[in-house]
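Student: Residue numbers (full-length UniProt numbering): 1 to 80. Glycine is no exception: its CB is placed at the ideal position from the N, C-alpha and C atoms. Have a look at the structure that comes next, please.
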């Protein structure tokens, strides 16, 4: 069970070494790198069902979309 938990953590990592490595590879290849992971105040389980937690996550994601400048950049790339 420990291995499964560790694998799930690595696959769903939204920050740390995985993100840094991906950004570095993209930069080296001249490819724009976009990270669309709103910073959450705590770790949320993938199977979370608590309405209060889910609504807070939705609110944070919505605010992130409206205040993050990379959203407009990716839209420009997609329109090309």
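1) Rounded C-beta distance between residue 64 and residue 32? I'm assuming under 8 Å.
2) Considering only the beta carbon of each residue, do residue 38 and residue 55 sit closer than 7 Å?
3) When you compare only the Cα positions, how much space is there between residue 68 and residue 57?
4) State the Cα-Cα distance for the pair residue 30 and residue 7, rounded to the nearest angstrom.
5) CA-CA distance, residue 80 and residue 2?
6) Look at the Cβ atom of residue 34, then the Cβ atom of residue 74, and state whether they are nearer than 7 Å.
7) Output the distance between the C-alpha atoms of residue 5 and residue 21, rounded to the nearest integer angstrom.
Tutor: In brief:
1) Numbered from its first residue, the chain shown carries residue 64 at position 64. Numbered from its first residue, the chain shown carries residue 32 at position 32. The Cβ separation is near 18 Å, so there is no contact.
2) Locating residue 38 in the chain shown gives position 38, counting from the first residue. Locating residue 55 in the chain shown gives position 55, counting from the first residue. Not a contact, by the Cβ cut-off of 7 Å.
3) As a working note, residue 68 is residue 68 in the chain shown. As a working note, residue 57 is residue 57 in the chain shown. Going from the Cα of residue 68 to the Cα of residue 57 covers about 16 Å.
4) Start at 1 with the first residue of the chain shown, and residue 30 comes out as number 30. Start at 1 with the first residue of the chain shown, and residue 7 comes out as number 7. So the alpha carbons of these two residues sit roughly 30 Å apart.
5) For the purposes of this step, residue 80 is taken as residue 80 along the chain shown, with counting starting at 1. For the purposes of this step, residue 2 is taken as residue 2 along the chain shown, with counting starting at 1. For residue 80 and residue 2, the distance between alpha carbons rounds to 45 Å.
6) In the chain shown, the residue the question calls residue 34 occupies position 34. In the chain shown, the residue the question calls residue 74 occupies position 74. In contact: residue 34 and residue 74 (Cβ atoms closer than 7 Å).
7) Looking up residue 5 in the chain shown gives position 5. Looking up residue 21 in the chain shown gives position 21. So the two alpha carbons sit approximately 22 Å from each other.
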